[in-house]
Amino acid sequence: MINERGYEAATFQAIAQRAGFSRPTMHYYFETKEQIYDELTREAHAVIVECIDAAKREQSLLKQLAAFVSAASRRDTSDGSVTRFIVASRLEQHRNPTLRGANSPVADAVDGFYRWLVDDGIRRGEIPDDIDADAVADMLSAMCWGMGFFASFAHRPDETQKIAKQLHLLLVGGLLDDASRTRPLTVGPACGWPGAEMN
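Okay, so the sequence shown: first residue is 1 according to UniProt numbering, each after it adds one.
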């Protein structure tokens, strides 16, 4: 219900009905909608921690990424509601005034994992040690949330698999044949794509 309507629009009554409980029965377990949301967040955080633990048992960056995603898939084999909640909670943290600025253990765990992933890759020599580690971690984290959103809400598993394959190829070998001769992309209102003419 929260995944479909968002935190603000999902009322206590609607959540109870979706769960198959009367409002009084739901109140026996939870006093407020906030308590329900907090419990869902704790459960989502536990899933993320398990996925991170699985990834940390691997010994290369690509295997760690694959283990993280595979563990998430195994924990959410039914209707994908756990993954959708994890992604939706990240969005709610920024768009909902009630939740904005609050600590997000799920988001913090994911972001922390990608920072560990990059540091571990540097330690093993998979990633150059002079790279901007924070920027690379943020890039991987952004890709994670984007892929999670697509997989959770687009409902097109075939396309998701194809995108995951292309992402793997991108990480292994790069996207552009002439990448070494291409200047870095800059982002801003006064900047165009590298090699493009400004109008």
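Every residue, glycine too, gets a C-beta built ideally from N, C-alpha and C.
Run of the alpha helix (DSSP H) containing residue i, from where it starts to where it stops
i	result
E43	33-56
A142	133-153
S22	Note, S22: premise wrong, no alpha helix (DSSP H); not H, not E.
F68	61-75
Residue j beta carbon less than 8 Å from that of residue i
i	j	result
R84	F12	no
R75	E50	yes
V82	V47	yes
A137	V118	yes
Q64	A55	yes
M26	A16	yes
Cβ separation of residue i and residue j, assumed to be a contact under 8 Å, to the nearest whole Å
i	j	result
E126	L169	At roughly 16 Å, the Cβ-Cβ gap does not stay under 8 Å, so E126 and L169 are not in contact.
S70	Y114	No, S70 and Y114 are not in contact; Cβ-Cβ is about 17 Å, not under 8 Å.
I52	F68	7 Å
I122	D129	5 Å
L167	M139	Contact flag wrong, Cβ pair sits at about 12 Å.
Original post:
In chain order, which beta strand (DSSP E) runs of at least 3 residues are fully inside the segment 96-121?
Top reply: No beta strand (DSSP E) of 3 residues or more sits fully in the segment 96-121.
Subject >> Validate contact between the segment 87-97 and the segment 137-149 using beta carbons, cut 8 Å, 3 pairs >> reply: With the cut-off at 8 Å, the segment 87-97 and the segment 137-149 touch.
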